[in-house]
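End of the sequence shown sits at 1268 in our numbering; the numbers just go up one at a time, nothing left out.
Using N, Cα and C, we set each Cβ at its ideal position, and we do this for glycine too.
Since the structure is predicted, the reported quantities are computational estimates derived from the model, not experimental observations.
Working notes for the structure below.
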Amino acid sequence: MDFSGEGGAEGGADMDFGEGGGEGEGGADMDFSEGGGEGEGGADMDFAGGGEGEGGGDAVGGDLIGDLAGGGETVDDTATDRPTRTREAREEIFAVQQIYALRINRVEISPSFAATLNDPFVSHPAIAIGLNYWWTNVLAIGANFLWYEGLENESDLNFFVRRSTRLAVPVSAYQFGAHLAFTYVPLYGKFAMFNEFIFQWDAYIVGGVGIMRTRPVPVVDPEIRNFDYDIRVAFNLGVGIRVFVSRWLAVFAEFRDYMYLEQLEALQVALGEDRSNPQTWTQGDPAFTNNVTVHLGLTFFFPFEFEYQLPR
957 MDFSGEGGAE GGADMDFGEG GGEGEGGADM DFSEGGGEGE GGADMDFAGG
1007 GEGEGGGDAV GGDLIGDLAG GGETVDDTAT DRPTRTREAR EEIFAVQQIY
1057 ALRINRVEIS PSFAATLNDP FVSHPAIAIG LNYWWTNVLA IGANFLWYEG
1107 LENESDLNFF VRRSTRLAVP VSAYQFGAHL AFTYVPLYGK FAMFNEFIFQ
1157 WDAYIVGGVG IMRTRPVPVV DPEIRNFDYD IRVAFNLGVG IRVFVSRWLA
1207 VFAEFRDYMY LEQLEALQVA LGEDRSNPQT WTQGDPAFTN NVTVHLGLTF
1257 FFPFEFEYQL PR
């Protein structure tokens, strides 16, 4: 092995690490020089920059050092195996959402069926309709009208009490009621039904004043006494809940108490000519009467469509 600048070696192997050219004869000649050398024998391996080898053959596959150093082309398998990233669609969710159905500057029409809850002797069902104008989203002014005549029915309980005990319970009949009222909505929200449907609701307070046209029903002395309808001043106060089916249609339930002073039939029968005197047919002092009523009906808002003044 010759590590000198120039020279040669004879024998079993000749390995030249010098800078100049060199020749080697024998079994193998390995040249690591830059100038390139020739070797004769069993094999010639040249690691130099531009040398050639004669004998067994050239270096297989080209430049081995260059391949090991990364000079060759490689295929990046991760480039094909890496999944492509898709852009996810995002839906904007607002923490504070807009009111589902605005009421401001809309007209509300509410047909309903009404029934009395606190009179066991006479039922007072009625067909009712309400009209409201919402000048803000929570305040409305309106009126409602109820028609009773022809729908009332006296309970059999009153008849059996009179026949068995000879005692009469004075009752009244209603013809109609007309009332003005203010409505205020303090609560509203939404709820889920069957984990599938979402409904918007609101709760409201209503109160006002109006009139009722009523009369006593003659049960003590029906052969002589006969009463006409008369006007009574009535106050009303109630609460209700409304569930929206759409932005212009809702169903509602309402409890309202119509309070007024009723003139009831006298329980005593005057004797003689006073029996036919209408002044003796009624009690001296009017009785404070509560007509607690439940309303069930629909609500229609006009116009059907509306626009929000502020963006979401």
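Who are the near neighbours of residue i in its chain, counting only those whose CB is closer than 6 angstroms to its CB and skipping five residues on each side?
i	result
V1127	F1077, V1078, V1173
T1092	I1060
V1016	Reliability fails at V1016, whose pLDDT of 48 lies under 50, so the model's placement of it is uncertain and no value is given.
Q1156	Y1056, K1146, F1200
F1258	V1063
What does the alpha-carbon distance come out to for the pair residue i and residue j?
i	j	result
V1175	V1125	8 angstroms
E1261	Y1056	12 angstroms
L1087	N1233	43 angstroms
T1170	G1133	9 angstroms
I1097	F1150	36 angstroms
F1200	I1154	10 angstroms
I1161	H1135	15 angstroms
L1223	T1139	40 angstroms
S1202	V1094	18 angstroms
H1080	F1115	17 angstroms
D1158	R1198	5 angstroms
L1193	N1182	32 angstroms
W1103	S1111	19 angstroms
E1221	A1129	12 angstroms
F1211	L1058	24 angstroms
E1263	E1152	27 angstroms
Q1219	A1148	49 angstroms
R1122	Q1131	28 angstroms
S1120	E1229	29 angstroms
From the DSSP secondary-structure annotation, give me the bridge partner or partners of residue i.
i	result
W1237	According to DSSP, W1237 bridges with nothing at all.
H1080	According to DSSP, H1080 bridges with nothing at all.
V1127	V1173
Y1089	V1063, I1097
A1134	F1101, I1167
L1292	The requested residue 1292 is not part of the displayed model; the chain covers only 957 to 1268.
Y1144	D1158
R1231	The partner list for R1231 (beta bridge, DSSP) is empty, contrary to what the question assumes.
N1109	S1079
In its own chain, which residues sit with a C-beta less than 8 angstroms from the C-beta of residue i, not counting the 5 before and 5 after it?
i	result
F1256	E1064, I1065, S1066, W1204, L1205
L1254	S1066, P1067, S1068, L1205, A1206, V1207, F1208
L1227	none
A1071	S1079, H1080, P1081, A1082, T1249, V1250
Determine the contact status of residue i and residue j, defining contact as a CB-CB distance below 7 angstroms.
i	j	result
A1137	G1164	yes
F1269	I1083	One cannot answer for residue 1269 here, as it falls past the ends of the chain, which runs 957 to 1268.
V1250	L1073	yes
D1177	V1225	yes
R1231	I1180	yes
For residue i, which residues in the same chain have their Cβ closer than 7 angstroms to its Cβ, ignoring the five residues on either side in sequence?
i	result
L1252	S1068, F1069, A1209
Y1089	V1063, A1096, I1097, G1098
L1113	P1076, F1077
Answer yes if the segment 1141–1154 comes into contact with the segment 1106–1120, meaning at least three C-beta pairs across the two stretches below 8 angstroms, and no otherwise.
no
- Query: Should the segment 1232–1248 be called in touch with the segment 1212–1224, which here means at least 3 C-beta pairs below 8 angstroms?
  - Reply: yes
I'd like to know if the segment 1185–1198 and the segment 1228–1241 are in contact, where contact means that at least 3 CB-CB pairs between them fall below 8 angstroms.
no
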